[in-house]
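S.K.:
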Amino acid sequence: MCRGRAPASPAVMNGESLPGAGRLRGHQPASTTHRSVPLDRQPISDSTLVDFAGGLSHAISRQSGHSSAISFALDESDSRTRMSLRPRKKTGRRFDLARLIGDRVFRKQIHAPAEALFPATRAHRYRQQVQRSFAAELLSPFTVVDDMLGGDYSEERQTRAKFTLV
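Going by the working numbering, the letters in the sequence shown line up with residues 796 to 961, in that order.
1) Could you name each continuous beta strand (DSSP E) segment of 3 residues or more that falls completely within the region 871-954, going from the start of the chain to the end?
2) What whole-angstrom Cβ distance do PHE901 and ALA930 have, given they're in contact under 8 Å?
3) Check ALA848 in the structure and name its three-state DSSP category.
4) If you draw a straight line from the alpha carbon of ASP870 to that of GLN926, how long is it in whole angstroms?
5) Quick one: grab the DSSP three-state call for ALA868.
6) Can you check which of these residues, PHE958, LYS903, VAL845, THR886, is closest to MET878 by C-alpha distance?
7) Within 10 angstroms of its Cβ, does GLY946 collect 16 or more other Cβ (buried), or is it exposed?
8) Can ILE855 and LEU895 be called in contact, C-beta distance under 9 Å?
9) Roughly how many angstroms lie between the CA atoms of ARG922 and LYS885, to the nearest whole one?
This is the structure:
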């Protein structure tokens, strides 16, 4: 055991996370990123999202005949990245692209070793919590949604807000 540090809990050592930790870790950088782009309560455009992803212009619009098992970005070299997005619908593709952007931001934040593969899987581990939290805050910031709801959290009002931000 190292001096000055508490031992990691068995849950953390097994790749699990403390409740809410990943959501907070993903929310903060997305909120900062979102503030840097003036959107006036509008959804992030596809072109802005693609710019955040490094200019892969086909990432959201490309529809292949088949869907991959997971969404991922693979850095083949310093200047070339291959990307595959699992969802067939555009909204799902936008969300997975935002997750991959969040994964890169997170990896840089924690000064993780260089990695060529950035997966966005259906798992429920810490890394995926961070990705999902980043994507949710980037695509529909809490403050904007809260303002749109204006204190009325009814299902009807939430649905209206959802379709405004999609």
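C-beta atoms are modelled at their ideal positions from N, C-alpha and C, and glycine is treated no differently.
M.R.: Walking through what the data contain:
1) 876-879, 912-915
2) Residue 901 sits at position 106 when you count from the first residue of the sequence shown. Residue 930 sits at position 135 when you count from the first residue of the sequence shown. In this structure PHE901 does not touch ALA930 by the C-beta definition: roughly 11 Å separates them, more than the 8 Å allowed.
3) The residue you call residue 848 lines up with position 53 of the sequence shown. If DSSP states are grouped into helix, strand and coil, ALA848 belongs with coil.
4) Indexing the sequence shown from 1 puts residue 870 at position 75. Indexing the sequence shown from 1 puts residue 926 at position 131. Those two C-alpha atoms are separated by around 18 Å.
5) Numbered from its first residue, the sequence shown carries residue 868 at position 73. Strand at ALA868.
6) Reading the sequence shown from its first residue, position 83 is the one you call residue 878. The shortest C-alpha separation from MET878 is found at VAL845.
7) For the purposes of this step, residue 946 is taken as residue 151 along the sequence shown, with counting starting at 1. With fewer than 16 Cβ atoms within 10 Å of its Cβ, GLY946 is classed as exposed.
8) In the sequence shown, residue 855 corresponds to position 60, counting from 1. In the sequence shown, residue 895 corresponds to position 100, counting from 1. It is not a contact, given that the beta carbons lie outside the stated cut-off.
9) As a position in the sequence shown, residue 922 is number 127, starting the count at 1. As a position in the sequence shown, residue 885 is number 90, starting the count at 1. Approximately 23 Å between the Cα atoms of the pair.
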